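A.B. asks: Protein chains in written order, with the numbering used here: chain A, 1 to 170; chain B, 1001 to 1351; chain C, 2001 to 2152. No residue lacks a Cβ here, since even glycine has one placed at the ideal position from N, Cα and C. From a predicted model like this one, the values you see are computed outputs, not experimental measurements. Shown below is the structure under consideration.
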Amino acid sequence: MFESVCFYLCGGLMLLGGIMTVASRSAVASAVWLIFAFLNAAGVYALLSAPFLAILQVLVYAGAIMVLFLFVIMMLHGPVMNEDLRSRSRWFWPALALPLAAIAGSAVTLLGRARGGAFPAPAPHGFGRAEQVAALLLDRYLLAFELISIVLLVAIIGALSLGLREGRRT
Amino acid sequence: MEQVTALFARIAGAGTLSPQLLLWLGALTMALIMALVMAACAIVFTWAERKVAGFIQSRYGPMRVGRWHGIAQPIADMLKILQKEDIIPADADRKFFILAPFVLFIGSLMAWAAIPFAPGFVAADLDMGLLYIFAASSLVTIGILMSGWASNNKWSLYGAARGAAQIVSYEIPLALAVVPVVLYAGSLNMTDIVVAQQGGIWKWFALRNPFLFVSFLIYFLASIAEVNRTPFDLPETESELVAGYHTEYSGMRFAFFFLAEYANLFLVSCIATAVFLGGWGHPVPGLNFAPALVFLAKAVLLVLAQIWIRWTLPRLRVDQLMHVCWKVMIPLALVCLAGSGVWMLAFVRFA
Amino acid sequence: MIPACPLAAVSTGMHADFATVLIFILFGVFFGLLALGIARLLRPHNPHPEKLVTYECGELPQGSAWVRFNVRFYLIALFFIVFDVEVIFLYPWAVVFRQLAAAPGLGLLALLEMLLFLAILVVGLAYVWAKGDLDWVKSLTARPAGEEVAGE
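The structure is reproduced here in structure tokens:
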């Protein structure tokens, strides 16, 4: 009972964060709302017995990627941060309507299906812990795991060349 | 937490409170205790810092308030700061200006939830306590950037950008230095990590093998950078940036920055104690100290070492700062990690 | 277990720990508001427009502080994300390494798997290093004269 209340609360706040991210007129406000949405997403993960994912959500998204976003906002011309110069694009309402429609659609489908049983369904023992993630990473998904490092390497090189181009242009 | 809930159960009489209610009461009490620990950090360490600084510079430091060596100086400062006018600059972004100290304070308070001071005395004994602490303290970066941006003050913004760049850079060697410990402990749970170090000083992870000792040094130095203290105090260099990201803050809002700063200083020392220095275990066999006191004593010693370093060393330049992090600490931490792995396979036999 | 309280679901294990975290967050908000509230009762309130001027060495501030920042900060944040993700992938491996090391052969295999993962990223670090992008000063000298770039 309490867990479902928390789940819907976190989910609702996450949606609010997402909507405010697109609706805010200042770039920094958008970024802060996005952090808010990420933190609530972490709450949802925690409630769904995925503690590793919940912590990563905060550590990587809220703590690392949002720092990058804030730096990017700072790196762009100052006026981007100024509320007056950022007007609502004509795509605002379609952009808002689309996810809302998607949510409504999935809510209708899920509500029709979800009858009985504990919520959230009890997770198998040890589910979502680092050990389980490791067992999968080092065994079944070993190739994908090693490929991740190549993706990260490409990310470094890509970031560098983009940064250099930006650096030359400034 | 178990100890706190047990205490509540004893006061109320067995069976009168449901276990759930006990749990909530326990959590609330732990939150209160941790907030008080944070406040105590600010009070004790500001005084200690000024006395140590005085000692190092051949002067007395505070001497007047409270008769004995200015012992009541922090209390007087606190009362003074409570009465200071609260000023929010007209050009500041009001919402974020108000929000930023909260983000800093809550990020710090959250991290305290997973510190095991004694067996059973940990608020949230999370399976992934170590990662959780890193996640909670990563919110501090957001708070710093937010405060700097919201102030709309050049010094604040430069300080915040520098602070964020420094903290994120040093988070890498910090997190890497801890991985060898996880290799040995086989767990991310803070209590498990401390328990794995019980049974004499040679069980402490800092002394298990030479690579781990280097890891400990890397962690210690990176943690000084994480809390923005000299020689890594570029975000708040008083000689060029006034006060860094909290230049525009006054009164109680400023106090929150101050509180979070000293609390984080103690927090990184507590993490070092739990992860590298055996937590509540002490080296003298046969003696029975209160575990929490042993833990606190070690952490306070580390804080004193940080204060000592602060008042001894000059400040790094920004290029030196980045050089030390990316070209010295990260490669060294990677070597220590690989070395520890090889050491474990070569010399350690697991049952 | 006595299901006497509506919070019965939050009884044991992981959810209890995260409930504690929730309590910590709520308590943090409460503590902050309480401290600010007490200060509000005690402190003076004498507003004056000059007090609300942004501090800039005692002069009137020149322009907004929200100026363009050096691209270097963005690069540092990008490298940070890459290495942060790398370190996070190390943690699950580190947790199980002890168990694997106990079994003959498996420990070496696990170590090699991770060393390969690390080696590829070390190539990335070496690349950035060789390109000179870990030197903060490079951007200072390479920058065209007269460009206003803040933050160093």
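#1: Taking 6 Å as the limit between beta carbons, can you name the residues of its chain near A/Gly18, skipping five residues before and five after?
#2: Taking the runs of the alpha helix (DSSP H) that are 4 residues or longer, which of them lie wholly in the segment 1301 to 1339 of chain B?
#3: Give me the chain C residues within the contact set of B/Glu1248, using Cβ-Cβ distance strictly less than 8 Å, ordered along the chain.
#4: B/Ala966 bridges to which residues according to DSSP?
#5: Against chain C, with Cβ distances strictly below 8 Å, would A/Leu85 count as a contact?
#6: Which same chain residues end up closer than 7 Å to B/Ala946 when comparing Cβ atoms and leaving out the 5 residues on each side of it in sequence?
#7: Tell me, please, whether the CB atom of C/Pro2044 is closer than 8 Å to any CB atom in chain B?
#8: Are the CB atoms of B/Leu1139 and B/Val1168 nearer to each other than 8 Å?
#9: Look at the alpha carbon of C/Leu2041 and the alpha carbon of B/Leu1028, and state the distance between them as a whole number of angstroms.
#10: Go ahead and pull the three-state DSSP assignment for C/Leu2125.
#11: What is the C-beta distance between B/Ser1187 and C/Val2095, in whole angstroms, given that I count them as a contact (C-beta under 8 Å)?
#12: Here's the rule I'm using: 16 or more other beta-carbon atoms within 10 Å means buried, otherwise exposed. How should C/Ile2038 be labelled?
#13: Using 8 Å as the threshold, is the segment 66 to 74 of chain A in touch with the segment 24 to 40 of chain A, meaning 3 or more CB pairs across them?
#14: Cβ of C/Ile2023 less than 8 Å from any chain A Cβ?
#15: Which residue comes first and which comes last in the alpha helix (DSSP H) that contains B/Gln1057?
#16: If we ignore side chains and look at the alpha-carbon of each, how far apart do B/Leu1293 and A/Ile157 end up?
#17: Exposed or buried, what is B/Tyr1249 when buried is set at 16 or more other beta-carbons lying within 10 Å of its beta-carbon?
#18: Listed from N- to C-terminal order along the chain, which residues in the segment 1150 to 1163 of chain B have their beta-carbon within a distance smaller than 8 Å of any beta-carbon of chain F?
#19: Taking the C-alpha atoms as reference points, what is the distance between A/Ser49 and C/Pro2104?
#20: Against B/Phe1256, what residues of chain C qualify as contacts under a CB-to-CB distance less than 8 Å, listed in chain order?
#21: Give the straight-line distance between the Cα atoms of A/Arg25 and A/Phe92, rounded to the nearest whole angstrom.
#22: At a CB distance below 8 Å, what residues from the segment 2 to 22 of chain A approach chain B? Give them in sequence order.
#23: Return helix, strand or coil for B/Phe1102, following the three-state DSSP convention.
#24: How far does the alpha helix (DSSP H) with B/Ala1113 in it reach, from first residue to last?
#25: Hey, does C/Leu2112 have any beta-carbon neighbour from chain A nearer than 8 Å?
#26: In angstroms, rounded to a whole number, what distance separates the CA positions of C/His2015 and A/Gly43?
#27: Residues in its own chain within less than 6 Å of B/Thr1242 by CB, not counting five upstream and five downstream?
#28: B/Pro1210 lies in the alpha helix (DSSP H); which residues open and close that run?
#29: Between which two residues does the alpha helix (DSSP H) carrying B/Thr1230 extend?
#30: Pick helix, strand or coil for A/Asn171, following the three-state DSSP scheme.
#31: In three-state DSSP terms, what is A/Tyr141?
#32: Would you check if the distance between the CB atom of B/Phe1232 and the CB atom of B/Ala1272 is smaller than 8 Å?
#33: Would A/Phe36 count as contacting chain C if we go by Cβ distances under 8 Å?
#34: Quick one, which of B/Phe1105, B/Phe1134, B/Pro1089 has its alpha-carbon nearest A/Tyr61's?
#35: Since B/Ser1340 and B/Pro1180 are thought to touch, with beta carbons under 8 Å apart, how far apart are those beta carbons, to the nearest angstrom?
#36: Going along chain A in order, which residues have a C-beta closer than 9 Å to the C-beta of B/Asp1192?
C.D. replies: So, from the listed chains and residues:
#1: The answer, listed in chain order, is Ala37.
#2: Taking only runs of at least 4 residues, the alpha helix (DSSP H) segments lying wholly in the segment 1301 to 1339 of chain B are 1318 to 1322.
#3: By Cβ distance, chain C contributes Thr2054, Tyr2055.
#4: There is simply no residue 966 of chain B to check, as chain B begins at 1001 and stops at 1351 in what is shown.
#5: With a pLDDT of 47 at A/Leu85, under the threshold of 50, the modelled position of that residue is not reliable, and the figure given next carries that caveat. It does not: the Cβ of A/Leu85 has no partner Cβ on chain C nearer than 8 Å.
#6: No information on residue 946 of chain B is available, as it lies outside the stretch 1001 to 1351 that chain B covers here.
#7: Cβ-Cβ to chain B under 8 Å: yes for C/Pro2044.
#8: No, Cβ-Cβ distance for B/Leu1139 and B/Val1168 is not below 8 Å.
#9: If you draw a straight line from the Cα of C/Leu2041 to the Cα of B/Leu1028, it comes to about 26 Å.
#10: It is helical.
#11: Under the criterion of beta carbons closer than 8 Å, B/Ser1187 and C/Val2095 qualify as touching, at roughly 6 Å.
#12: By the 10 Å Cβ count, C/Ile2038 comes out exposed.
#13: Using a C-beta cut-off of 8 Å, the segment 66 to 74 of chain A makes contact with the segment 24 to 40 of chain A, since at least three inter-stretch Cβ pairs fall below that distance.
#14: For C/Ile2023, not one C-beta of chain A is nearer than 8 Å to its own C-beta.
#15: Per DSSP, B/Gln1057 belongs to no alpha helix (DSSP H) and is neither H nor E.
#16: Looking at the two C-alpha atoms, the distance is approximately 49 Å.
#17: With 16 or more Cβ atoms within 10 Å of its Cβ, B/Tyr1249 is classed as buried.
#18: Absent from the structure is chain F; the protein chains it does hold are A, B and C.
#19: So the two alpha carbons sit approximately 33 Å from each other.
#20: Contact note: B/Phe1256 reaches chain C through Gly2032, Ala2035, using a C-beta cutoff of 8 Å and chain order.
#21: Those two C-alpha atoms are separated by around 11 Å.
#22: Taking 8 Å as the Cβ-Cβ cut-off against chain B, none of the residues of the segment 2 to 22 of chain A qualify.
#23: B/Phe1102 falls in the helix class under three-state DSSP.
#24: Unbroken run through B/Ala1113: none, as it is neither H nor E.
#25: Not one chain A Cβ lies under 8 Å of C/Leu2112.
#26: The straight-line gap from Cα to Cα measures roughly 11 Å.
#27: It is worth fixing the name first, because residue 1242 of chain B is Val in this sequence and not Thr. Contacts found: Trp1155.
#28: If you look at B/Pro1210, you'll find it in the alpha helix (DSSP H) that goes 1210 to 1226.
#29: Looking at the DSSP string, B/Thr1230 is not in any alpha helix (DSSP H), and its letter there is neither H nor E.
#30: Since the displayed chain A opens at 1 and closes at 170, residue 171 of chain A lies outside it and no answer follows.
#31: Reduced to three states, the DSSP call for A/Tyr141 is coil.
#32: Result no, Cβ atoms of B/Phe1232 and B/Ala1272 do not sit closer than 8 Å.
#33: No - not a single Cβ of chain C is within 8 Å of the one on A/Phe36.
#34: Nearest of B/Phe1105, B/Phe1134, B/Pro1089 to A/Tyr61, Cα basis: B/Phe1134.
#35: Indeed, because the Cβ distance is near 4 Å, the residues count as touching under 8 Å.
#36: Near B/Asp1192 there are no residues of chain A at all, since even the closest Cβ is about 12 Å away, more than 9 Å.
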